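Its first residue numbered 872, the sequence shown is counted upward by one per residue in the numbering used here.
Just so you know, even glycine gets a beta-carbon here, dropped at the ideal spot from N, CA and C.
Computed from a prediction, not measured in an experiment: that's the story for all the values here.
First the structure, in the form of structure tokens, and then the observations on it.
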Amino acid sequence: MLPLTRPATVQDLSQIMTIIHEAQANLKADGVPQWQDGYPDEALIKADILSGEAYVLVNDIAVIGYAVIRQTPEPNYTIPLDGKWSDDVTPYVSLHRIAISSAFRGQHLGQIFMSNLLTWTNYLGFQAIRIDTHPLNQRMQRLIKQVGFTYNCTVCMDGNVNDIRWAYSLALPITE
């Protein structure tokens, strides 16, 4: 069965947290400081789920990926440190906390999941998507570019100019 993407449920929480912990370990092994301070924790993931913003990639037996599609403006994107957004007018979603189970590495599931998230974004009525990642997170940068995002600017996390992210955007085709 091809993996599909659906809204996450609280019943998925344990499997999601396993994926998050694997992602934290992979980032650490890659020398990326992102997600090394306990973020994201179980309380945040549960809040994502309860808000209806959490999505999982599933195969016929397990949850194999996790992501958030935030439909409200991302505060960290308000004032870029460097560069500018290609479109500051169109309402957008932002993608966050994208992770795939380590057991499925090398199967291009990141691309499938991202494609599914773009479809969900369109279904939700949005034509603009934003995403950010740490400058050292080369895996995510590669995935972001593979699915068509374009680098726009540098943003900082929670006002901390020492904690920067590279930010990208993608305009989806308008469908009727």
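Between the C-alpha atoms of ILE940 and ILE1000 there is a straight-line separation of about 9 Å. A residue is called buried when at least 16 other Cβ atoms come within 10 angstroms of its Cβ; VAL927 meets this threshold and is buried.
The beta carbon of ILE935 sits closer than 7 Å to the beta carbons of PRO874, LEU928, VAL929, ILE971, SER972, PHE975, LEU980 from its chain, once the five residues preceding and following it are set aside; these are given in chain order.
Secondary structure of ASP919 (DSSP, three-state): helix. By the neighbour-count criterion, in which a residue is buried when 16 or more other Cβ atoms sit within 10 angstroms of its Cβ, VAL1032 is exposed. Each residue's CA atom was taken as its position, placing ARG968 and SER957 some 23 Å apart. Fewer than three pairs of CB atoms, one per stretch, sit closer than 8 Å, so the segment 898-917 makes no contact with the segment 946-960. Between ALA1038 and THR1021, the CB-CB gap reaches or exceeds 8 Å. One thing to note: VAL960 has its Cβ no nearer than 8 Å to the Cβ of THR992. Cα atoms of ARG1010 and GLN998: separation of roughly 25 Å, rounded to the nearest angstrom. Between ILE916 and MET888, the beta carbon gap of about 7 Å places them in contact (Cβ cut-off 8 Å). A straight line joining the alpha-carbon of GLU945 with that of ILE1002 spans about 10 Å. As DSSP reads the structure, ASN1031 sits in a beta bridge with MET1028. Unbroken alpha helix (DSSP H) runs of no fewer than 4 residues, entirely contained in the segment 979-1041, are found at 980-994, 1009-1017, following chain order.
Straight-line spacing of the CA atoms in HIS892 and GLY996 works out to 32 Å.
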